[in-house]
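The opening position of the sequence shown corresponds to residue 220 in this note's numbering, with each subsequent residue numbered one higher. We put the CB at the ideal spot given by N, CA and C, even for glycine. This report concerns only the one structure given below.
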Amino acid sequence: MEMSSRWWNIGASLMVGLFIAYLDRTNLSVSISQVSRDMGFAGDRFPLISSWALTIFLIGYAFANIFGGFITRKLDPKPVVITCFAVWSVATIVVGLSSSVVVLLACRLVLGVAEGIYWPQQSRFARAWFSPTERTRANGIIQYYGQFLALALGFLLLTPLYDAFGWRVLFFITGGIGLLVIVPLYLKMLRPESEAPYLEVPTLLDTTSLRFSDFGGPRFLLLVFSYLTQGMLFWGITLWIPLVVRSLGFTGFSQAVASALPFFAAVLLAIPMGKLSDRTEKRVLIAALGQILPGLLLLLLPLLDDPTLKLGLITVALGYYASSYTPNIWTILQGSVEPRAVGPAAGIINGVGAGGGGTIAGFLVAFMNSATGSYMSGFVVLGGLVIVGGVSLLIYGNATAKQTAAQLNAIA
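Quick look at the structure:
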């Protein structure tokens, strides 16, 4: 496959797919108020049931990322991603047909499991189809722009649809796009792994068992912890941002715009931060600062009284974190583990980080809001935790540098 074809067939197709995947994740955040009234958990039951409804996806996502990366290690990623997309699209449509909380929770769990198995496959595509000098850009296209464009444009698209047609139509549209657009797109555009130009060991021929050393040894745990805290920051804000901006006084279309602002900031800042990363190759330092500095900004929230200033601080914090941390962490991972461990490693990190961290953060923000009457208190706690995550990433970088120096000295 020619270079331009790889970027279109693999990179662009997976980016569009992840765009729709994030719409399927966030449609409930937009519509949770009306869903709660129609399904009977508005009022006193809302904090508990809404927390479960928003985060049960992440529980399934966590376990499926971790185990899915191992289970699918010897399978071609193309049929895996197609099957996963079809399954969670059907689950999304079923939610729109139901009035049962049990069905809602079950389908959101299926969504989490299917998307959890799906996620590690993207790293496998990036590792097999793009060279080391292309991989940061490939990760940016596949795993960054699809994600953050969906969150930026998604609230602008989903909120008016929800206001005009209600939550059921919203679920029909997002699930239907997956079945009728993305599955056929993947069938036509994605290629089997056996055709990939940078596949070092064909998956089906690799019969060796994975070892802890294949993941980088103990320092891999520092990456996991760093990603755990960023998962808490990302999902703690993303799950609750529509209700947060409403609590700050934004309603109607202004609520949609305010909800989208942090993610637009992430998309706009990604270009200069990506150029800085490629030029300096200080990916660990840039990613670590992408946690530490936003964490410090969130700690300042209690000092501000003006709602617009609070939104501005959240926007800058999330935008800087996402543009500095997210594109770099996957390049760091893919360059620090053995090629055959890329899928499982991505699954572990994303499962523990996004799934586990997101679940904790979803309940944490809800609990802090119930206890204090403000979502800001939860965001402050997330800020403190993500600072610790940034420090752990700096420790990882120092340990990696020492190990590399020792290996060079041994060769000399």
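{"query": "Specify, as a first and last residue, the run of the alpha helix (DSSP H) that G455 falls within.", "result": "438-457"}
{"query": "For S543, count the other beta carbons within 10 Å of its own beta carbon; 16 or more makes it buried, fewer makes it exposed. Which is it?", "result": "buried"}
{"query": "Using a Cβ-Cβ cut-off of 6 Å (strictly less than) and excluding sequence neighbours within five positions of G397, which residues of its own chain qualify?", "result": "I239, F304, S308"}
{"query": "Buried or exposed: G259, going by 16 or more other Cβ atoms within 10 Å of its Cβ?", "result": "exposed"}
{"query": "Going along the chain, which residues of its own chain have a beta-carbon closer than 7 Å to the beta-carbon of N588, five neighbours each way excluded?", "result": "Y594, G597"}
{"query": "Cα separation between L418 and W348?", "result": "7 Å"}
{"query": "I believe V464 touches Q474 by the beta-carbon criterion, under 8 Å. Please report the beta-carbon distance rounded to the nearest angstrom.", "result": "5 Å"}
{"query": "With C-beta atoms as the reference, is S601 less than 8 Å away from M492?", "result": "Note that residue 601 corresponds to Leu in the displayed sequence, not to Ser. No."}
{"query": "Which residues in the same chain as A489 place their Cβ atom closer than 7 Å to its Cβ, once the five residues preceding and following it in sequence are excluded?", "result": "G359, Y363, S542, P546"}
{"query": "Grab me the residues of L324's own chain with a C-beta within less than 6 Å of its C-beta, minus the 5 sequence neighbours each way, in chain order.", "result": "I275"}
{"query": "Figure out for me which residue from T355, F286, I312, A371 has the closest Cα to the Cα of V332.", "result": "F286"}
{"query": "On the three-state DSSP scale, how would you describe D295?", "result": "coil"}
{"query": "I need the straight-line Cα distance from G575 to F367, nearest angstrom please.", "result": "20 Å"}
{"query": "Inspect the beta-carbon positions of G365 and L237 and report whether they are closer than 8 Å.", "result": "yes"}
{"query": "By Cβ distance below 7 Å, which residues in the same chain neighbour R387 in space, the five residues on each side in sequence not counted?", "result": "G315"}
{"query": "Do I606 and Q510 count as a contact pair if the criterion is CB distance below 8 Å?", "result": "yes"}
{"query": "Would S342 and A565 qualify as a contact pair, given that the criterion is a beta-carbon distance under 8 Å?", "result": "yes"}
{"query": "With H, G and I counted as helix, E and B as strand and the rest as coil, what does DSSP make of T274?", "result": "helix"}
{"query": "Is the distance from the Cβ of L480 to the Cβ of T534 below 8 Å?", "result": "yes"}
{"query": "How far does the alpha helix (DSSP H) with S352 in it reach, from first residue to last?", "result": "Reading the sequence as shown, one finds Thr at residue 352 and not Ser. That residue, T352, is in no alpha helix (DSSP H); it is neither H nor E in DSSP."}
{"query": "Taking 8 Å as the threshold (C-beta atoms), are L612 and A506 in contact?", "result": "yes"}
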